[in-house]
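What follows is a single structure, written as structure tokens, with notes after it.
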Amino acid sequence: MALLQITDVARIYTIGSETIEALKSVSLRINKGEFVALMGPSGSGKSTLMNILGCLDTPSRGSYLLNGTQVSEMTEDELAEIRNKEIGFVFQTFNLLPKSTALENVALPLIYAGISKTARTARAAQALESVGLGQRMEHRPNELSGGQRQRVAVARALINKPSIILADEPTGNLDTRTSIEIMGLLEEIHQQGNTIILVTHEEDIAQHAHRIVRMRDGLIESDNPNLEIKSVS
Ligand code: ADP
Ligand code: ADP
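In UniProt numbering, the protein residues as written are 4 to 236.
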């Protein structure tokens, strides 16, 4: 069974009397353990699709099965719950709480999961160790480099052991060397059995994924295994 299956998904936005078909008819199956890059020009529907896959939005038409659960008809509350349980988000802009330490940022999703403070701290510390930030736990985001901030965000995304990691331009604010480091970290996470979907504009970055899906005008234009996987390790 596919981990994630969307079938004939459309997403239509209405602004006043104007309608925009951001997704026309998109079908996609992703199995557990895949590392997929989603590419396409600006406006092709990548963010709209990622928002649906991340349970931030629901389709106007079509179905979305996540781990066997039909997500497309869920209420806001149900979506929030499935999001916390199943999805780990990594963003271009890191989205860390500026006044909280690295440890507090990583522990945050565990508060919503109802985990005790002692257990939260222990798990967050371990997650920071695993991304190489054991020595930076008490630092706030402005005391960390861009690459370190993204490592904190990756640790936070992983802390609830989600089914899928959704990374939206995770290297978009990083220099080349740091981008390669972060891709190395995502590769490690993939090798540990995690499923990753990555949006990127950069071919070099997409080449780290094992499958490349290209979108255009609200449709999937191509979907191919990547036969020349570039590894940084
Ligand atoms: P991409 O991420 O590939 O740049 P988007 O999914 O952001 O593409 O956008 C696809 C289309 O949908 C674009 O025409 C965009 O202007 C439109 N769009 C995206 N989000 C909204 C929104 N919230 N309201 C109205 N139109 C939107
Ligand atoms: P973009 O790719 O357009 O630069 P982001 O990557 O920051 O935007 O965010 C992608 C989508 O995720 C947006 O629709 C945004 O509203 C939503 N989002 C951003 N931050 C969070 C968050 N911390 N939790 C849930 N949703 C978020």
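Even glycine gets a Cβ: it sits at the ideal position worked out from N, Cα and C. Owing to the predicted nature of the structure, the values given are computational and were not obtained by experimental measurement.
For Arg217 against Glu206, the beta-carbon gap comes to about 11 Å, at or over 8 Å, which does not count as contact. Between the alpha carbons of Leu177 and Leu189 lies a gap of roughly 15 Å. Check the Cα spacing between Ser133 and each of Arg64, Ser20 and Ala156: the tightest is with Ala156. Of the residues Thr198, Arg143 and Pro62, the one whose Cα lies closest to the Cα of Leu106 is Arg143.
Within the stretch 13-90, complete beta strand (DSSP E) segments of at least 3 residues are found at 21-33, 38-42 and 64-69, given in chain order.
In this structure, the C-beta of Thr61 stays at least 7 Å away from each heavy atom of ligand 1. By the CB criterion at 8 Å, Ile199 and Ile162 fall outside the cutoff. Taken through DSSP and simplified to helix, strand or coil, Glu224 comes out as strand. Put simply, the stretch 56-65 touches the stretch 6-16. At least three CB pairs are less than 8 Å apart. The three-state secondary structure of Gln95, taken from DSSP, is coil. Within the stretch 167-226, the complete beta strand (DSSP E) segments of 3 residues or longer fall at 167-171, 198-202 and 214-219, listed in chain order. Only exposed fits Tyr115, as fewer than 16 other CB atoms lie within 10 angstroms of its CB.
Checking the 7 Å criterion, the Cβ of Thr22 is out of range of every heavy atom belonging to ligand 1. With a threshold of 7 Å, the Cβ atom of Ser133 does not count as near ligand 1, since no heavy atom of the ligand is closer than that.
Per DSSP, the unbroken alpha helix (DSSP H) holding Glu132 starts and ends at Lys120 to Ser133. In this structure, DSSP gives Gln138 a state outside helix and strand, which the three-state scheme calls coil.
In the displayed model, Ile114 falls within a helix according to three-state DSSP.
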